[in-house]
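Chemist:
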Amino acid sequence: AITKEQDALMKLIVEAYNKHQIPQDVAKKLLQEQYSTEENFLLLTEIATSQVQVLVEFTKNIPGFLSLDHEDQIALLKGSAVEAMFLRSAQVFSRKMPEGHSEVLEERIRKSGISEEFITPLFNFYKSVGELHMVLEEQALLTAITILTPDRPFVKDQPAVERLQEPMVELLKKLCVLQHPQEPQYFARLLGRLTELRTLNHYHAEMLTSWRVNDHKFTPLLCEIWDV
Ligand SMILES: Cc1cc(C(=O)O[C@@H]2C[C@H]3CC[C@]2(C)C3(C)C)ccc1N
C-alpha cells in the first residue's frame, strides 16, 4: 500500500502538475487564426514556448530538484525539455482538448512546415499515449520521472538525480498496480512510452533544423532551451 510519505510526494507532484496549464488565449487562437503555414507555425511557436515555461515551473516544484547542483538543474531541463513537452502535449491532445480542438491542432501541426517523416511518429506517439488512458497522478509522475533522468548529457552528479527519481518510479509502480489491477503489465507499458519518447528527440532535432534553414523565427526561450 501507499505509505504516508509516498502520499505526500504524490500530492506535491500532482499539485505542481496542475498548477500550470497552457494559457487559454493560446488555446483560443487555435480555433480563430486562419490556416496559412505561417500562421500555423506562429501558433505552434506560441504553444511550444508556453509548454517550456510550464515545464520549467513544474520542474522547480519537484521535491528536491532545487537542491541539486545548479548546473545539473539546467542540464536536466535542457536534456528533458523535448520529451517532457511531447509527453504533456500528448496528454493534453488525447484527454483535455475541448471538443474539436484536437482536430484543429492536428490540422495546424500538419500544415506548419513540419516534414511528413516527423508528423507520422508524432501522431503515433499521441495515439499510443491516448490508448493508455493515464490518470492525472500517472501523467504527473511520468513527467517528473522523465525530467529526473540521470544520464542526460552534462549531468555531473548522476547519483543525486537517481536518489530523486527512484522513489518516483517506486511510487508509479505501486499506483499502476492499484489503478489497473486487471493489467499487471501496465507499469511496463508506461515505461515503454519513455523509450518511445527518446526516439522523438531525434525527429525533433530534424524538425528544428528544417525550420531554421527556412529562416523561421524562434522565441528566445526556445533558442535557449534547444541551443538554436
Ligand atoms: C522551435 C519550435 C519548436 C516547436 C515544437 O517543438 O513544437 C512541438 C512539436 C509538437 C509537439 C509539441 C509541439 C509544441 C507541437 C504540438 C507543435 C514549435 C515551434 C517552434 N518555433
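To get this note's numbering, take the position in the sequence shown, counting from 1, and add 55. From the three backbone atoms N, C-alpha and C, an ideal C-beta is built for every residue, glycine too.
Could you round the C-beta distance between E251 and L227 to whole angstroms and report it? I think they count as a contact, below 8 angstroms.
Modeler: Rounded, the Cβ-Cβ distance is 17 angstroms, inconsistent with contact.
Chemist: Taking the alpha helix (DSSP H) that S157 falls in, what are its first and last residues?
Modeler: Segment 156 to 165, the alpha helix (DSSP H) holding S157.
Chemist: Of all the alpha helix (DSSP H) runs that stay within the bounds of the stretch 210 to 282, which reach a length of 4 or more residues?
Modeler: Fully enclosed alpha helix (DSSP H) runs of 4 or longer: 213 to 234, 241 to 268, 275 to 280.
Chemist: For a test of your reading of the model: does the CB of M140 fall under 7 angstroms from any non-hydrogen atom of ligand 1? Yes or no.
Modeler: Checking every heavy atom of ligand 1 against the Cβ of M140, one is found closer than 7 angstroms.
Chemist: How many Å lie between F242 and R267 at the Cα?
Modeler: C-alpha separation (whole angstroms): 38 angstroms.
Chemist: Look up E88 in the DSSP assignment and say whether it is helix, strand or coil.
Modeler: Of the three classes helix, strand and coil, the one that applies to E88 here is coil, per DSSP.
Chemist: Report the three-state DSSP secondary structure of V107 (helix, strand or coil).
Modeler: Of the three classes helix, strand and coil, the one that applies to V107 here is helix, per DSSP.
Chemist: Nearest by alpha-carbon distance to F96: which of I164, T175, Q234 is it?
Modeler: Nearest of I164, T175, Q234 to F96, Cα basis: I164.
Chemist: Just to check my reading of the structure: L187 and R244 have Cβ atoms closer than 8 angstroms, yes? What is that Cβ distance to the nearest angstrom?
Modeler: That belief holds up - the Cβ atoms of L187 and R244 are roughly 6 angstroms apart, short of 8 angstroms.
Chemist: Residue range of the alpha helix (DSSP H) that G185 falls in?
Modeler: Run containing G185: 171 to 185, per the alpha helix (DSSP H) assignment.
Chemist: Got a sec: does ligand 1 put a non-hydrogen atom nearer than 7 angstroms to the Cβ of D195?
Modeler: Position check: residue 195 holds Ala in this sequence, whereas Asp was assumed. No, since every heavy atom of ligand 1 falls outside the 7 angstroms radius drawn around the Cβ of A195.
Chemist: Three or more C-beta pairs under 8 angstroms: does that hold for the stretch 71 to 78 against the stretch 110 to 120?
Modeler: Cβ pair count under 8 angstroms is three or more, so yes.
Chemist: Within 10 angstroms of its Cβ, does Q146 collect 16 or more other Cβ (buried), or is it exposed?
Modeler: Buried: at least 16 other Cβ atoms inside 10 Å.
Chemist: Measuring CA to CA, which of I117, Q89, Q61 is closest to E290?
Modeler: This structure leaves residue 290 out entirely; the chain is present only between 56 and 283.
Chemist: Going by alpha carbons, who is nearest to D206 out of E126, Q61, A130?
Modeler: Closest by alpha carbon: A130.
Chemist: For the candidate residues T58, S149, G168, L203, whose alpha-carbon lies nearest to that of N179?
Modeler: Measuring from the Cα of N179, the nearest candidate turns out to be S149.
Chemist: Comparing the CB of A103 with every heavy atom of ligand 1, is any distance shorter than 7 angstroms?
Modeler: Yes, the Cβ of A103 comes within 7 angstroms of a heavy atom of ligand 1.
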